[in-house]
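Notes follow once the structure below has been shown.
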Amino acid sequence: KQEVTQIPAALSVPEGENLVLNCSFTDSAIYNLQWFRQDPGKGLTSLLLIQSSQREQTSGRLNASLDKSSGRSTLYIAASQPGDSATYLCAVGTGNQFYFGTGTSLTVIP
Amino acid sequence: DVKVTQSSRYLVKRTGEKVFLECVQDMDHENMFWYRQDPGLGLRLIYFSYDVKMKEKGDIPEGYSVSREKKERFSLILESASTNQTSMYLCASSPWTGGPHEQYFGPGTRLTVT
């Protein structure tokens, strides 16, 4: 069974810093990988989807990379803002379902 | 924009009650999913459906059942609610393109069983 790990569990940075969130998975036979943002008490908002044939995807200040062979993905956030404070989750598409990490809780301090 | 809606944001039920959680999507997606989310455990898949009247068990199906009579609607049923089913329930949908594609989530239902 696919296992997904996100480290660190929590991260606190001053506003304006660039930061990297990590996601690792045990089975490299994936179909795709999706990054989400979740605000407290809310549902998940999709940020980026990377297909297994892709190396990276970009949306605004966000850049996600995928290295299937090493079982890793990173989410890079440039010039962080207080509004970026949320929990970030990665989900790995394998077979016909997704497996989720437990998330990284990000706090951006003004 | 894809829209996934869930029937209730907050729900309080008593132990032993039968509980229905409804999810509707408006993008003609083949796949629909029910997850529960608990602190420290992340999202765990309860059931998913890849077509009308088709369903497959996820990782934690015990105590739950599902129904998909129409493509746009996927219902989660707690046959006899118990306190350990207090949780956040999240519904998602995705198209099928030969594999699991981008998931879209509803706002969630916070269920409390007393």
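Respectively, the protein sequence lines represent chains A and B. Take the position in the first sequence, starting the count at 1, then add 23; the result is the number in the numbering used here. Take the position in the second sequence, starting the count at 1, then add 444; the result is the number in the numbering used here. Each residue gets a CB set at the ideal place from its N, CA and C atoms; glycine is no exception. Since we're looking at a predicted model, the values are computed, not measured.
- A Cβ of chain A is located within less than 8 Å of the beta carbon of B:GLN547.
- Identification of chain B residues near A:GLY124 by a Cβ-Cβ cut-off of 8 Å yields GLY486, ordered along the chain.
- Assignment of beta strand (DSSP E) within the region 46–83 of chain A, counting only whole runs of 3 or more residues, yields 55–61, 67–74 and 79–82 in chain order.
- Using a CB distance cut-off of 8 Å, B:LEU465 does not count as an interface residue toward chain A.
- Residues of chain B whose Cβ lies closer than 9 Å to the Cβ of A:ALA33 do not exist; the shortest such Cβ separation is about 12 Å.
- Per the coordinates, the alpha-carbon of B:MET498 lies some 47 Å from the alpha-carbon of A:ILE132.
- With fewer than 16 other Cβ atoms from the protein chains shown falling within 10 Å of its own Cβ, B:TRP540 counts as exposed.
- Among the residues of the region 57–89 of chain A, those with a Cβ less than 8 Å away from any Cβ of chain B are GLN57, PHE59, GLY64, LYS65, GLY66, LEU67, THR68, SER69 and LEU72, in the order of the chain.
- A distance below 6 Å between beta-carbons, with the five flanking residues on each side excluded, links B:SER451 to the following residues of its chain, in chain order: GLU466.
- Looking at B:HIS545, B:LEU520 and B:LYS457, the one whose alpha-carbon comes closest to that of B:ARG512 is B:LEU520.
- In the assembly as shown, B:THR553 is a buried residue. Its beta-carbon has 16 or more other beta-carbons within 10 Å.
- C-alpha of A:VAL27 to C-alpha of A:ASN45: approximately 10 Å in a straight line.
- Secondary structure note for B:GLU461: it is in no beta strand (DSSP E), with a DSSP letter that is neither H nor E.
- Each residue's CA atom was taken as its position, placing A:LEU56 and A:TYR111 some 13 Å apart.
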